[in-house]
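K.L.:
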């Protein structure tokens with residue numbers, strides 16, 4: 001089955017390509033060591049998946065966003081679609097197939113740290129038919145996660161680059177998993193490097209980046225060489241240690257916000273939603289275009305979205321509205337341009 005059916009309405013301003021999944025969340029006494037154990041005092045089910053998390057995060061910030069995904073024809077798929085229907089995200093291109101819905105078991109420790117195991121074949125079997133691909137490139141911004149099957153990631157990259165530069169959507173790539181986790185499931189290293197050189201915004205997590213580049217400093221050095229003035233910026237996220245912004249051959253370290261952490265699950269997805277909102281969707285034309293100060297402000301804005309997300313259980317329930325975000329920044333005396 002393909003990624004959706006053709007429809008008559010205009011494409012959303014942002015299209016996110018990623019899983020709409022179900023998170024089975026366990027509040028455990030500890031993250032077990034090899035051959036060790038843990039006790040779960042609570043077990044709950046919540047919406048998840050990188051694609052759905054980013055899409056819902058943008059929707060909470062008031063953005064027009066659609067999701068391209070695939071779920072199974074089972075109770076988990078029904079849950080994922082019902083949760084999506086409760087949001088403002090356009091789910092018309094979420095396909096339904098015969099494979100089990102993608103779902104994750106999340107072990108969440110008292111300090112908010114977690115371990116995640118994912119199963120289910122539904123998103124792995126995503127394919128894009130021509131109408132879906134054309135709808136994707138007609139959006140203003142296209143977000144794709146490295147968990148997307150390689151054939152999908154390659155098709156999107158090739159089609160975006162086929163669009164005349166003046167009409168081309170901004171392309172955002174999230175290097176969301178290490179090589180061994182994505183092997184045979186997600187985007188292959190060769191395709192990742194295509195996005196590294198072509199994406200308008202390249203984001204990599206603290207676990208994924210070293211796996212591809214050989215360490216944090218090696219990643220920064222590599223990105224400095226690649227992210228020239230003609231290529232958009234890159235951001236490396238380091239969890240509680242903040243972020244590194246790489247643009248035009250320079251790197252800048254930015255601290256995160258201190259909050260009482262309840263659950264770090266999905267903090268990276270929340271960060272992505274905030275960064276897309278502030279860097280790519282905020283109109284800067286009247287101020288003479290975007291500059292480095294705007295970029296650093298966008299990263300701080302995104303860090304605030306991620307921080308708020310960490311103060312709540314589950315990803316999507318913790319994603320803030322714009323009003324909540326502005327109130328948070330005001331209490332921290334953060335004045336963004």
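Residue numbers (UniProt numbering): 1 to 337. Each residue gets a CB set at the ideal place from its N, CA and C atoms; glycine is no exception.
Give a yes or no on whether the C-beta atoms belonging to residue 11 and residue 138 are separated by under 7 Å.
P.N.:
The answer is yes: Cβ separation under 7 Å.
K.L.:
On the DSSP letters alone, give me the boundaries of the alpha helix (DSSP H) that residue 303 sits inside.
P.N.:
Where residue 303 is concerned, the enclosing alpha helix (DSSP H) stretches over 292 to 309.
K.L.:
Helix, strand or coil: how does DSSP classify residue 47 here?
P.N.:
Residue 47: strand per DSSP, three-state reduction.
K.L.:
In angstroms, rounded to a whole number, what distance separates the CA positions of residue 287 and residue 118?
P.N.:
Because the pLDDT at residue 287 is just 48, under 50, the model does not fix this residue reliably, and the value given afterwards should be weighed accordingly. Cα to Cα, the separation comes out at about 44 Å.
K.L.:
Comparing C-alpha positions only, which one of 292, 337, 205 and 302 sits nearest to residue 321?
P.N.:
Closest option to residue 321, Cα to Cα, is 302.
K.L.:
Which partner residues does residue 65 have in the DSSP bridge list?
P.N.:
According to DSSP, residue 65 bridges with 14.
K.L.:
Just to confirm, is the Cβ distance from residue 96 to residue 73 under 7 Å?
P.N.:
For residue 96 and residue 73, yes; Cβs fall inside 7 Å.
K.L.:
Give me whichever residues DSSP pairs with residue 22 in a beta bridge.
P.N.:
Paired residue(s): 47 and 103.
K.L.:
Name the one or two DSSP bridge partners that residue 228 has.
P.N.:
Answer by DSSP bridge pairing: none, since residue 228 is not bridged.
K.L.:
At 4 residues or longer, and completely inside the segment 89 to 166: list those alpha helix (DSSP H) runs for me, N to C.
P.N.:
130 to 137 and 150 to 162, all fully within the segment 89 to 166.
K.L.:
Do residue 112 and residue 264 have their CB atoms nearer than 7 Å?
P.N.:
Against a cut-off of 7 Å, the Cβ pair of residue 264 and residue 112 comes out as a contact.
K.L.:
Would the segment 50 to 69 count as touching the segment 275 to 283 if we require 3 or more Cβ pairs under 8 Å?
P.N.:
Verdict: yes, contact present.
K.L.:
Rounding to the nearest angstrom, what Cα-Cα distance links residue 191 and residue 22 in this structure?
P.N.:
Their backbone Cα atoms lie some 27 Å apart in a straight line.
K.L.:
Residue 245 to residue 100, Cα distance in whole Å?
P.N.:
The straight-line gap from Cα to Cα measures roughly 38 Å.
K.L.:
Would you decide whether residue 39 is buried or exposed? Buried here means 16 or more other CB atoms lie within 10 Å of its CB.
P.N.:
So residue 39 counts as exposed.
K.L.:
Could you name the residues that DSSP lists as bridge partners for residue 70?
P.N.:
Note: residue 70 sits in a beta bridge opposite 95.
K.L.:
Return the chain-ordered ranges of every beta strand (DSSP E) run that is complete within the segment 187 to 229 and spans a minimum of 3 residues.
P.N.:
Complete beta strand (DSSP E) runs here, min 3: 201 to 204.
K.L.:
Express the C-alpha separation of residue 52 and residue 162 in angstroms, rounding to a whole number.
P.N.:
Roughly 27 Å separates the two Cα atoms.
K.L.:
Please confirm whether residue 156 has its beta-carbon closer than 7 Å to some beta-carbon of chain D.
P.N.:
In the displayed structure, chain D is absent; only one protein chain is listed.
K.L.:
Can you name the residues that DSSP bridges to residue 175?
P.N.:
204.
K.L.:
Is DSSP giving residue 253 helix, strand or coil here?
P.N.:
Three-state DSSP puts residue 253 in a strand.
K.L.:
Could you tell me the alpha carbon to alpha carbon distance between residue 135 and residue 67, rounded to whole angstroms?
P.N.:
Their backbone Cα atoms lie some 11 Å apart in a straight line.
K.L.:
Which one of 126, 197, 213 and 157 has the shortest CA to CA distance from residue 178?
P.N.:
Measuring from the Cα of residue 178, the nearest candidate turns out to be 213.
K.L.:
Pull up the distance between the alpha-carbon of residue 337 and that of residue 298, whole angstroms please.
P.N.:
In a straight line, the C-alpha of residue 337 is about 9 Å away from that of residue 298.
K.L.:
Buried or exposed for residue 14, please, with buried defined as at least 16 other CB atoms from any protein chain shown within 10 angstroms of its CB.
P.N.:
Buried.
K.L.:
Considering residue 336, what are the terminal residues of the alpha helix (DSSP H) in which it resides?
P.N.:
No alpha helix (DSSP H) holds residue 336; DSSP gives it neither H nor E.
K.L.:
Less than 7 Å between the beta carbons of residue 315 and residue 48, yes or no?
P.N.:
Taking 7 Å as the Cβ cut-off, residue 315 and residue 48 qualify as a contacting pair.
K.L.:
Buried or exposed: where does residue 285 fall if 16 or more other Cβ atoms within 10 Å of its Cβ makes it buried?
P.N.:
Reliability of the predicted coordinates at residue 285 is poor, the pLDDT of 47 falling under 50, and no value is obtained from them.
K.L.:
Sort out for me which residues DSSP pairs residue 42 with in a bridge.
P.N.:
Answer by DSSP bridge pairing, in chain order: 27.
K.L.:
Just list the residues that DSSP pairs residue 170 with in beta bridges.
P.N.:
For residue 170, which the question treats as bridged, DSSP gives the partners 141.
K.L.:
Applying the criterion that 16 or more other CB atoms from any shown protein chain within 10 Å of the CB defines a buried residue, is residue 116 buried or exposed?
P.N.:
Residue 116 is exposed by the Cβ-count criterion.
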